[in-house]
Amino acid sequence: MKVQFILTLMLAVLLSGLIACSADENQQAAETAVATKVVTLDVEGMTCGGCEAAIKTTLKKIDGVQSVDASYEKGSAEVTVQQGKEQVQAMIEALDKIGYKAKVADKS
Ligand SMILES: [Cu+2]
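Basically my numbering = 1-based index in the sequence shown + 54.
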């Protein structure tokens, strides 16, 4: 009788753990479900990792920007933005203010 009770208890703990886990996954899925789009900018004037960092920091301040991947070697920045919030002009102006010339990369 006691054993049965303990087994039931263990099963209950196990099940609630599983439910908690799947709830977490659902939440993560909802967060990544935000539609995004990648804008590639050609950026002139980057010469080192410090420049990359400056560009990332500056672009991330713009509303809708989710993440930035800048490369001084390639002279470009890949900006992941929330769809409908692609403020490309604001990005170009923000980079201009800190001394870099940027433009939208040709997608040819
Ligand atoms: Cu630099």
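Cβ atoms here follow ideal geometry from the backbone N, Cα and C, with glycine treated the same way. This one's a predicted model, so the numbers in the text were calculated from it and none came from an experiment.
Residue range of the alpha helix (DSSP H) that includes residue i
| i | result |
| --- | --- |
| T111 | 103-114 |
| E140 | Run containing E140: none; DSSP gives neither H nor E here. |
Selected residue, minimal CA-CA separation from residue i, among the options
| i | options | result |
| --- | --- | --- |
| Y154 | V135, E140, T112 | T112 |
| T90 | T101, E127, E140 | E140 |
| E98 | A124, K115, V92 | A124 |
| K157 | V88, V93, A87 | V93 |
| A159 | V133, D150, I109 | V133 |
| V135 | G129, K115, L149 | K115 |
| G103 | Y126, D96, K151, L95 | Y126 |
Helix, strand or coil at residue i [DSSP, three-state]
| i | result |
| --- | --- |
| V88 | coil |
| A131 | strand |
| K155 | strand |
| D96 | strand |
| D160 | coil |
Bounding residues of the beta strand (DSSP E) (the contiguous stretch that carries residue i)
| i | result |
| --- | --- |
| D123 | 119-125 |
Three or more C-beta pairs closer than 8 Å, one from the region 113-120 and one from the region 139-151: is that the case here?
They touch, by the three-pair rule.
As a quick check of your reading: which residues have a C-beta less than 6 Å from at least one non-hydrogen atom of ligand 1, in chain order?
Result: T101, C102, G104, C105.
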